[in-house]
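> The structure's right below; bear with me while I get my questions together.
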Amino acid sequence: MEASFSFSDARVWQVFMTFAVLLISLLVSGMLRNSNKFIKKSLLPIPVIAGFLLLIVGSLWKVITGDALLSSNSLAIITYHGLGLGFTAIALQANEKIQNKRAQRDIFNSALVTTSTYILQAFIGLGISFGLSYIIGCYASSGILLPMGYGQGPGQAYNWGRIYETGYGFTNGATFGLTVAAVGFIASSIGGVIYLGMLKRKCSPKVMDKIEGHYDDELEYKANAKEIPLSDSIDKLTIQFAVVFLAYTITYGVITVLSRLCVNSGITLLSDTVNNLIWGFNFIFATLGGMLIKAILNGLQKKKIIKHTYTNNMMLERVSGLMFDIMVVAALACIDLSAFKEPKFIIPLIAMCLVGVVVTYIYDDHICKKLFPEYNDEAFLSLYGMLTGTASTGVILLREIDPHFKTPACKNLIFQPLWTVILGFPLLLLMGFVPQSTTWRIAALAIFLVMFALFYLIIRISARRVQRQDTEIEISK
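In terms of the numbering used here, the sequence shown opens at residue 2 and continues consecutively.
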């Protein structure tokens with residue numbers, strides 16, 4: 002028999018209050034951003050502002066009361082599952098087929114830029130932390146969290162930082178990863194403002210003709226005749242959440258089975274390294290779970306076992322947006338500021354973040370001019386924003402010069418992740434081996450160097466192909 006409880010018990014309200022504080026911080030931050038010109042010009046996304054705001058308020062609350070405003074464990078759990086649920090909602094969306102060969106080429110080229118930048122960031126970060134470990138005694142593998150924080154965002158940065166902290170002795174590893182992600186958002190905004198300023202000084206029509214206060218008409222609700230009614234005996238949005246949670250539940254089942262197989266195998270490599278990788282890759286399994294449910298629903302509809310389409314892209318975008326917004330706020334609020342007192346923590350963090358953002362800016366600018374000559378500014382802002390923040394940061398920067406997404410830059414962001422996962426899988430795999438030994442760190446640096454050289458060669462070849470194809474199109478006109 003379960004123990005009785007009282008509704009006046011603070012624990013009854015804990016989960017509700019955690020989500021209430023996160024959502025209220027988003028509301029307040031939205032008001033601040035829209036009413037303050039300086040904050041608006043910073044181009045920082047509202048969830049990032051909310052995260053920083055909550056971090057400050059939480060720190061003051063702890064100083065005044067001696068207690069934490071929100072449980073760090075609760076915030077960590079929300080961050081972890083927010084990432085998985087967000088990817089599940091994205092995977093469930095019906096994607097339009099890209100028939101245009103030129104569009105397919107640009108999507109693949111975007112994946113090349115993304116993956117090669119990840120590898121470059123991993124090489125820089127790991128090289129810096131590995132070198133500093135012999136000078137100041139910092140954690141040697143901390144630098145490999147740079148592409149997770151900059152390229153993947155706070156969810157992945159927290160996942161791997163936490164794995165390193167609990168499994169490999171990296172003190173404050175979760176906070177380190179989250180701080181890299183936080184710095185990435187700031188770097189994204191600063192880099193974007195600098196680039197837009199350069200365009201303005203050149204009197205670029207993209208900036209000079211920018212429409213103030215624009216709204217994207219594509220965000221209107223759209224449905225087809227085959228979909229379930231918007232409001233029936235059950236609300237359509239409720240169905241979207243149900244399908245997302247069904248797919249994520251299957252994901253949990255698959256991960257649990259694989260984890261137990263690894264633990265019971267008796268093989269150290271599987272029980273220690275691979276088991277951690279499986280739980281760290283929850284977003285990949287969540288994506289596969291979403292794709293599986295989507296395939297099953299499509300199959301049932303083709304066989305006319307079910308008559309209606311149960312998912313709606315617009316609503317699933319809102320579900321994924323909600324999950325990612327809450328995830329970002331929770332992740333940034335989860336940062337432990339006490340870690341910044343340690344030189345072994347702060348020195349490698351500053352070094353790799355500064356070098357990482359400068360190299361990312363220069364490299365992406367250089368590559369985008371070669372691969373996307375017709376819209377290199379839009380391509381750079383979207384990819385640089387994503388590779389230092391998240392995809393939403395890239396879209397925010399892109400809107401400054403392409404508010405109605407007339408160039409392919411936005412679609413490149415949407416459709417390139419599948420190629421990126423395939424091309425970048427070796428990097429994700431090495432994440433579980435790098436902290437194990439010096440030998441693995443040296444091997445990883447060598448592998449990153451070879452991979453980057455190979456990717457850069459492919460990019461050069463692809464750039465020549467782009468130039469040749471564009472020339473042929475001009476001649477044909």
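Beta carbons: idealized from backbone N, C-alpha and C, even for Gly. Model, not experiment: these values are computed from the prediction.
Let me check understanding here. Comparing Cα to Cα, which of C354, D337, H309 and G290 lies closest to G390?
Considering only alpha carbons, the answer is C354.
> Report, in whole angstroms, the separation of the C-beta atoms of D117 and F456, which I expect to be a contact under 8 Å.
Before going on, a small fix: residue 117 reads as Ser here, not Asp. S117 to F456, Cβ: 4 Å. Contact.
> Look at the Cβ atom of G87, then the Cβ atom of S321, and state whether they are nearer than 7 Å.
Going by C-beta atoms, G87 is nearer than 7 Å to S321.
> So, at 6 Å on beta carbons, what are the nonlocal neighbours of I363 in its own chain, with the 5 sequence-adjacent residues on each side left out?
Closer than 6 Å at Cβ, skipping near neighbours: no residue.
> By how many angstroms is the C-alpha of S383 removed from the C-alpha of L197?
Each residue's alpha carbon lies about 12 Å from the other.
> Just to confirm the assignment: which complete beta strand (DSSP E) runs, minimum length 3, are found wholly within the stretch 5–70?
Fully enclosed beta strand (DSSP E) runs of 3 or longer: not present.
> P349 and L28 - do their beta-carbons sit closer together than 7 Å?
Cβ distance not < 7 Å, so L28 and P349 don't count as in contact.
> By Cβ distance, which residues of its chain are closer than 6 Å to S189, with the 5 residues on each side in sequence left out?
These residues qualify, in order along the chain: G386, T389, G390 and T394.
> Using the Cβ count rule (16 or more neighbours within 10 Å means buried), how would you classify H82?
Answer is buried; the Cβ neighbour count reaches 16.
> In chain order, what residues of the same chain lie with their CB nearer than 7 Å to the CB of A141, ignoring the 5 residues before and after it?
Here the set comprises S130, F131, S134 and R442.
> Measuring straight from C-alpha to C-alpha, what distance separates Q241 and I294?
Approximately 12 Å, taken between the alpha carbons.
> CA-CA distance, A449 and S9?
Note on residue identity: the sequence assigns Phe, not Ala, to residue 449. Rounded to whole angstroms, F449 to S9 spans 56 Å at the Cα level.
> For A92, is the classification buried or exposed, using 16 other Cβ atoms within 10 angstroms of its Cβ as the cut-off for buried?
It counts as buried.
> Are there 16 or more other CB atoms within 10 angstroms of the CB of L61, so buried, or fewer, so exposed?
Per the 10 Å Cβ criterion, exposed.
> Report yes or no: do three or more beta-carbon pairs, one from the stretch 69–77 and one from the stretch 30–49, lie closer than 8 Å?
With the cut-off at 8 Å, the stretch 69–77 and the stretch 30–49 do not touch.
> Less than 8 Å between the CB atoms is what I'm expecting for A77 and Y165, so what's the real figure, rounded?
The pair is not a contact, with the Cβ atoms about 14 Å apart (cut-off 8 Å).
> For R465, collect the residues of the same chain with a Cβ closer than 7 Å to its Cβ; drop the 5 residues on either side in sequence, then sort them by chain order.
Excluding sequence neighbours, R465 sits near nothing in its chain.
> I need the straight-line Cα distance from L458 to L113, nearest angstrom please.
The alpha-carbon atoms of L458 and L113 are separated by roughly 11 Å.
> Quick one: complete alpha helix (DSSP H) runs, 4+ long, within the stretch 131–203?
Counting whole runs of 4 or more residues, the stretch 131–203 contains the alpha helix (DSSP H) stretches 155–168 and 174–202.
> Quick check: is the beta carbon of S7 nearer than 7 Å to any beta carbon in chain B?
No chain B is present in this structure, which holds just one protein chain.
> I need the boundaries of the alpha helix (DSSP H) containing S72, first residue and last residue.
Segment: none, S72 is in no alpha helix (DSSP H) and carries neither H nor E.
> Assuming W161 and G300 make a contact with CB atoms under 8 Å, what is their CB distance in whole Å?
Contact flag wrong, Cβ pair sits at about 35 Å.
> Return the first residue and the last residue of the alpha helix (DSSP H) that C263 is part of.
It spans K237 to V264 - the alpha helix (DSSP H) in which C263 sits, taken as one unbroken run.
> Roughly how many whole angstroms lie between the Cα atoms of A90 and F373?
Their Cα atoms are separated by approximately 30 Å.
> I'd like to know whether the C-beta atoms of N277 and G433 end up nearer to each other than 7 Å.
Taking 7 Å as the Cβ cut-off, N277 and G433 qualify as a contacting pair.
> If you count every other CB in all the chains shown that lies within 10 Å of the CB of V451, and 16 or more means buried, which is it?
By the 10 Å Cβ count, V451 comes out exposed.
> Take N101 and list the residues in its own chain whose beta-carbon comes closer than 8 Å to its own, dropping the five residues that flank it on each side.
If we look at N101 and ignore the five residues flanking it on each side, it has no Cβ neighbours.
> On the criterion of 16 or more Cβ atoms from any shown chain inside 10 Å, does V13 qualify as buried, or is it exposed?
Answer is exposed; the Cβ neighbour count stays below 16.
> Three or more C-beta pairs closer than 8 Å, one from the stretch 177–186 and one from the stretch 31–39: is that the case here?
Cβ pair count under 8 Å is below three, so no.
> Looking only at its own chain, which residues have a Cβ that is under 8 Å from the Cβ of K345, when we skip the five neighbours before and after it?
Excluding positions up to five away in sequence, the list reads I137, G138, C139 and Y140.
> Does the structure place the stretch 324–336 close enough to the stretch 15–28 that three or more beta carbon pairs sit under 8 Å?
These segments touch.
> For T310, does the three-state DSSP call read helix, strand or coil?
Looking at T310 - three-state DSSP - the assignment turns out to be strand.
> Residues in its own chain within less than 6 Å of G425 by CB, not counting five upstream and five downstream?
Within the same chain, G425 has close Cβ partners T116 and Y119.
> Where do the ends of the alpha helix (DSSP H) carrying C335 lie?
Looking at the DSSP string, C335 is not in any alpha helix (DSSP H), and its letter there is neither H nor E.
> Count the other CB atoms, across all protein chains shown, that sit within 10 Å of the CB of G185; report buried if there are 16 or more and exposed otherwise.
By the neighbour-count rule (16 or more Cβ atoms within 10 Å), G185 is buried.
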